[in-house]
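Using the UniProt record's numbering, you'd call the opening residue of the sequence shown number 1 and step up by one each time.
A virtual CB, placed ideally from N, CA and C, is assigned to each residue, including glycine.
On a predicted model such as this, the values are computed, not experimentally measured, just so you know.
One structure is given below, encoded as structure tokens.
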Amino acid sequence: MGHGVMITGTDTGVGKTAIGVMLCELLSRQGVRVRPRKPVESGCIESIDGLVGSDGLAYYKASGGVEPLSRICRYCLKPPLSPARAAFLQGVDICLQDMIEACHDGVDAGDFLLVEGAGGFCSPMAKDGLNSDLALALGLPVLLVTSDRLGAIHQTISTAEAIAHRGLALAGVVLNQVAPDIDPSMRNADFLSRWLGRDVIEVAHLPVCEVSGRLDYPPGLVDLATRLSDGSAMEFF
Numbered sequence: 001m002g003h004g005v006m007i008t009g010t011d012t013g014v015g016k017t018a019i020g021v022m023l024c025e026l027l028s029r030q031g032v033r034v035r036p037r038k039p040v041e042s043g044c045i046e047s048i049d050g051l052v053g054s055d056g057l058a059y060y061k062a063s064g065g066v067e068p069l070s071r072i073c074r075y076c077l078k079p080p081l082s083p084a085r086a087a088f089l090q091g092v093d094i095c096l097q098d099m100i101e102a103c104h105d106g107v108d109a110g111d112f113l114l115v116e117g118a119g120g121f122c123s124p125m126a127k128d129g130l131n132s133d134l135a136l137a138l139g140l141p142v143l144l145v146t147s148d149r150l151g152a153i154h155q156t157i158s159t160a161e162a163i164a165h166r167g168l169a170l171a172g173v174v175l176n177q178v179a180p181d182i183d184p185s186m187r188n189a190d191f192l193s194r195w196l197g198r199d200v201i202e203v204a205h206l207p208v209c210e211v212s213g214r215l216d217y218p219p220g221l222v223d224l225a226t227r228l229s230d231g232s233a234m235e236f237f
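Dropping the structure here:
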């Protein structure tokens, strides 16, 4: 396994970027040279510099702006669809090898490669590959982010099994409270910990404006950042 982590989700809209940004900041504060990569992003908006994605921009700021935004996010697509479909509609040809090269661009020995996929683990990322294919090609442990909502147990266990089926290490599972209010009777964290046989990192709801530049971070993420930096966050489901 390589030195780094790939952040994936059970679905789109589960808060992968928020978790990734906090991890990027935590690792940087520990003296780790983090190289965040969001190789492709859809739903980007027009700017004076061309198409810009909010996820790529968030990682640019979280890493201190030491790399050009175009290196952090190489492919910016306008249609708010899966990258493979958005690229097709935009007339851009993107294959899995392009994704791999985009992730490795500018990454030196000793750097920590933090890659965020697009959508869920088995969502199409390029014309010839899924997020899972990129994870396998990079050989990084996978951090699974899921939203604390009805259906999370099935989605999380199914995705964890898909990660294991590909022989990839599961760096951790984050149960992210995306919505400000949830039904506390669901007890998703308890059920997931039981069925996965491991602790689940719970992250309470955070408004977007409070994600980056925090003075305090969710304790589970602090511990995860430490384990990622020393290479101990590698377990197999």
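- At 3 residues or longer, and completely inside the stretch 46-78: list those beta strand (DSSP E) runs for me, N to C. 50-52
- R29 versus P39, S63, K38 and E202, residue with shortest Cα-Cα distance: Numbered from its first residue, the sequence shown carries residue 29 at position 29. Residue S63 is the option with its Cα nearest to R29.
- So what's P219 in DSSP terms, helix, strand or just coil? Walking along the sequence shown from the start, residue 219 turns up at place 219. Here P219 sits in helix by DSSP.
- Message: Here's the rule I'm using: 16 or more other beta-carbon atoms within 10 Å means buried, otherwise exposed. How should C76 be labelled?
- Response: Taking the sequence shown and counting its residues from 1, the one referred to as residue 76 is at position 76. Answer is buried; the Cβ neighbour count reaches 16.
- Message: Just to confirm my understanding: we take V178, look at its own chain, exclude 5 residues before and 5 after, and list those with CB closer than 6 Å. What are they?
- Response: If you number the sequence shown from 1, residue 178 lands on position 178. Only G15 and S147 meet the Cβ criterion.
- Item | Distance between V34 and L114 (C-alpha atoms, nearest Å) | Within the sequence shown, the letter at position 114 stands for residue 114. Within the sequence shown, the letter at position 34 stands for residue 34. Those two C-alpha atoms are separated by around 7 Å.
- So M99 packs on P39, CB below 8 Å; how close in whole Å? The residue you call residue 99 lines up with position 99 of the sequence shown. The residue you call residue 39 lines up with position 39 of the sequence shown. Yes, M99 and P39 are in contact; Cβ-Cβ is about 5 Å, under 8 Å.
- How would you call A135, buried or exposed, if buried means at least 16 neighbouring beta carbons within 10 angstroms? Numbered from its first residue, the sequence shown carries residue 135 at position 135. With 16 or more Cβ atoms within 10 Å of its Cβ, A135 is classed as buried.
- In this structure, what does DSSP give as the bridge partners for R227? Along the sequence shown, read from residue 1 onward, the residue named residue 227 stands at position 227. In the DSSP output, where bridge partners are listed per residue, R227 has none listed.
- Query: Given 8 Å as the limit, is there contact between the stretch 144-160 and the stretch 182-189, that is, 3 or more CB pairs closer than that?
  - Reply: yes
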